[in-house]
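Chemist: So for the sequence shown, this note's numbering puts the first residue at 135; every next one is plus one. Sharing a structure below in structure tokens format, with a few things to ask.
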Amino acid sequence: MPAWRTISLWMDQLDEPLLARPELERDLDVDVAIIGAGYTGLWTAYYLKKLAPGLDIAIVEAQTAGFGASGRNGGWLMGNLLGEDRLLAGLSPERRRASFDLLHSIPDEVEVVLEREGIDCDYRKGGVLYCAARYPEQEATLRDYLSKLHAQGLTDNDYRWLSPEQLAQQIRVAKPYGGIYAPHVATIHPAKLVRGLARTVQNMGVKIYENSPVTHWQAGSLRTAKASVRSRWIVPAVEGYSVTLPPLGRYQLPVQSLIVATEPLSAATWDEIGLNRGQAFSEFSRQVTYGQRSADNRLIFGARGGYQFAGKLRHNFDLTRDEVELRRYLFGELFPQLKTVQITHAWGGNLGMSRHFKPHMLCDRANGIALSGGYGGEGVGASNLGGRTLADLILERDSELTQQPWVLPDGGIHALRAWEPEPCRWLGYNAIIKSFVHEDQTLANPATAPWRRKLASQVASFMEGFMH
135 MPAWRTISLW MDQLDEPLLA RPELERDLDV DVAIIGAGYT GLWTAYYLKK LAPGLDIAIV
195 EAQTAGFGAS GRNGGWLMGN LLGEDRLLAG LSPERRRASF DLLHSIPDEV EVVLEREGID
255 CDYRKGGVLY CAARYPEQEA TLRDYLSKLH AQGLTDNDYR WLSPEQLAQQ IRVAKPYGGI
315 YAPHVATIHP AKLVRGLART VQNMGVKIYE NSPVTHWQAG SLRTAKASVR SRWIVPAVEG
375 YSVTLPPLGR YQLPVQSLIV ATEPLSAATW DEIGLNRGQA FSEFSRQVTY GQRSADNRLI
435 FGARGGYQFA GKLRHNFDLT RDEVELRRYL FGELFPQLKT VQITHAWGGN LGMSRHFKPH
495 MLCDRANGIA LSGGYGGEGV GASNLGGRTL ADLILERDSE LTQQPWVLPD GGIHALRAWE
555 PEPCRWLGYN AIIKSFVHED QTLANPATAP WRRKLASQVA SFMEGFMH
């Protein structure tokens, strides 16, 4: 038996017993049928009910609300959207700034709802720290990233350089080279948010059916093992589980991210580390690390996981010792005092990755299908934006939300770019990841010759180009 619990810390900490709501056992006829009781489905239902209280809405969930990525993530509520720089590059400076402002306001919008609906999910808007903290090349990479952000019209109020001394005022890492601070990020307790949202929409009159996997869906209807639902609108809000609803799996690949949580750390240890305002943090490498100090003083730390052949879902999240120890190594390089700390929970989840790594929100009015996804690991905040946007699209509201470049107005699902067939995508993904791992191992070794360091980074950058 592993020394840690294999359930998500967040789900393990819920006060309520995790009792499933009733299954769907009789046929329904509704206005909007939503597949999946995660963030996207629940936010969509919430904003539809706020705007049009008379709508008859049903959510059909394969497991229980929050079972998927919504109850398993790292708790970063970001005012960002994956690939926003590329998506906004073609806009005028004025429109680009307005779009950035819209994205940056996501945590504030969520906070308004939390206060209005009485949802306590340990919300703390402390911003995020992107740290150059394991090898010197990270400083150059971070400075280049910052210059590109400022070239798009963003300012120090959005992303600000921190010297090692300034960084130490917020987080104290072993090898500080500097960092970037951005204020537009909050940290939360993900399971408290998703379960609170489920209770809220149910109180608003939305019907939620659990333990009811959808076996077939098409325009106007869906089926489970026991019943059917007819609906004017179908919203397949399944993100990382898109492979379960053909043909969505052609456009969304499930990849995994894996997380560990330490035991609660002492006040003295946190005095050494910092993070006293709920800040999120990352060390800026292609390992895609993310961390936060939980409300009960644990270190939560995750990093990029993997991809299984043919887009197979990972169901077993009993992390191997190697998977856990890689994450211990990464946070131990930042905080040497934690190298032998007890890890109490280790878990993971499936998230959705779209081709070209572009999130999308679309509305196929002719067939009554609305879809938001491709968040690529940034779905805690992006799903709120997606829910608001789908509500406006379904209700034909011409708003700032529906005019954004990630909204696809024509073509329906087929406007999305499909992934290459296997074995191309498996071979490609693993070749890219191996180049990232090689780069990280090369740069993390201070004895590596300069030419090897440069070559490793050049190869990784070249391989990363295939992701876009």
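The C-beta atom is built at its ideal place from N, Cα and C for all residues, glycine as well. Being a predicted model, the structure only gives us computed values, none of them experimental.
#1: Once you ignore the five residues that flank Trp367 on each side, which residues in its own chain have a CB closer than 8 Å to its CB?
#2: Taking the alpha-carbon positions, what's the Ile407 to Gly466 distance?
#3: Would you kindly report the start and end of the unbroken beta strand (DSSP E) that includes Pro370?
#4: Can you have a look at Glu150 and say buried or exposed, based on whether 16 or more other CB atoms are within 10 angstroms of its CB?
#5: Suppose contacts are defined by Cβ-Cβ distances below 7 Å. Is Gln303 in contact with Glu397 by that definition?
#6: Going by CA-CA distance only, name the one from Leu236, Glu249 and Trp177 that's closest to Gln538.
#7: Distance check for Gln272 and Ile314, CA to CA, integer angstroms please.
#8: Should Arg230 and Gly412 be called a contact, given that it needs their Cβ atoms to be closer than 7 Å?
#9: Can you tell me the Cα-Cα spacing of Ala549 and Leu542, whole angstroms?
#10: Measure the C-alpha to C-alpha separation of Leu589 and Val422 and round it to an integer number of angstroms.
#11: When DSSP labels each residue in this structure, what does Thr396 get in the three-state scheme?
#12: My output table needs one value for Trp404: the three-state DSSP class, helix, strand or coil.
#13: Taking Arg306 as the reference, which of Met212, Tyr264, His572 and Ala320 has the closest Cα?
#14: Go to His479, then tell me how far its beta strand (DSSP E) extends in each direction, as first and last residue.
#15: Use the C-beta contact count for Cys558: other C-beta atoms within 10 angstroms, 16 or more gives buried, fewer gives exposed.
#16: What's the gap between the Cα of Glu299 and the Cα of Gly312?
#17: Inspect the beta-carbon positions of Lys446 and Gly217 and report whether they are closer than 7 Å.
#18: Ordered along the chain, which non-local residues of its own chain (more than five positions away) have a Cβ less than 6 Å from that of Gly440?
#19: Quick one: any contact between the segment 319-333 and the segment 244-261, if contact means 3 or more CB pairs under 8 Å?
#20: Determine the DSSP secondary structure at Trp177, reduced to helix, strand or coil.
#21: By alpha-carbon positions, which one of Pro381, Ala565 and Ala199 ends up nearest to Gly330?
#22: Note down the Cα distance separating Pro380 from Gly562, rounded to an integer number of angstroms.
#23: Tell me, to the nearest whole angstrom, how far the beta carbon of Arg438 is from that of Asp574; I am working on the premise that it is less than 8 Å.
#24: What is the C-beta distance between Asp452 and Pro227, in whole angstroms, given that I count them as a contact (C-beta under 8 Å)?
#25: Measuring CB atoms only, is the segment 179-195 touching the segment 339-355, in the sense that at least three cross pairs come out at less than 8 Å?
#26: Nearest-angstrom Cα distance between Pro470 and Ala308?
#27: Measuring CA to CA, which of Phe435, Val244 and Val372 is closest to His318?
#28: Whole angstroms is fine: what's the gap from Gln592's alpha carbon to Ile566's?
#29: Contact between the segment 348-358 and the segment 207-216 is defined here as three or more beta-carbon pairs at a separation below 8 Å; is this criterion met?
#30: Let me make sure I understand the geometry here. Which of Thr174, Ile434 and Asn345 has the alpha-carbon closest to that of Arg155?
#31: From the DSSP output, in three-state form, read off His284 for me.
#32: In whole angstroms, give me the CA-to-CA distance for Leu225 and Ala285.
#33: Which residues mark the beginning and the end of the beta strand (DSSP E) in which Leu505 is found?
#34: Could you pull out every unbroken beta strand (DSSP E) segment of at least 3 residues lying fully inside the segment 395-474, listed in chain order?
#35: Taking the runs of the beta strand (DSSP E) that are 3 residues or longer, which of them lie wholly in the segment 248-301?
#36: Quick one, which of Lys282, Leu296 and Ala316 has its alpha-carbon nearest His238's?
Modeler: Reading from the atomic positions:
#1: Asp165, Val166, Ala167, Gly502, Ile503, Ala504 and Ile528
#2: 12 Å
#3: Ser362 to Pro370
#4: exposed
#5: no
#6: Leu236
#7: 11 Å
#8: no
#9: 7 Å
#10: 20 Å
#11: strand
#12: helix
#13: Tyr264
#14: Ile477 to Ser488
#15: exposed
#16: 8 Å
#17: no
#18: Gln390
#19: yes
#20: helix
#21: Ala199
#22: 23 Å
#23: Not really, about 10 Å apart at Cβ, beyond 8 Å.
#24: That pair is no contact at about 50 Å.
#25: yes
#26: 7 Å
#27: Val244
#28: 12 Å
#29: no
#30: Asn345
#31: helix
#32: 13 Å
#33: Ile503 to Gly507
#34: 414-417, 424-427 and 433-438
#35: 262-266 and 294-296
#36: Ala316
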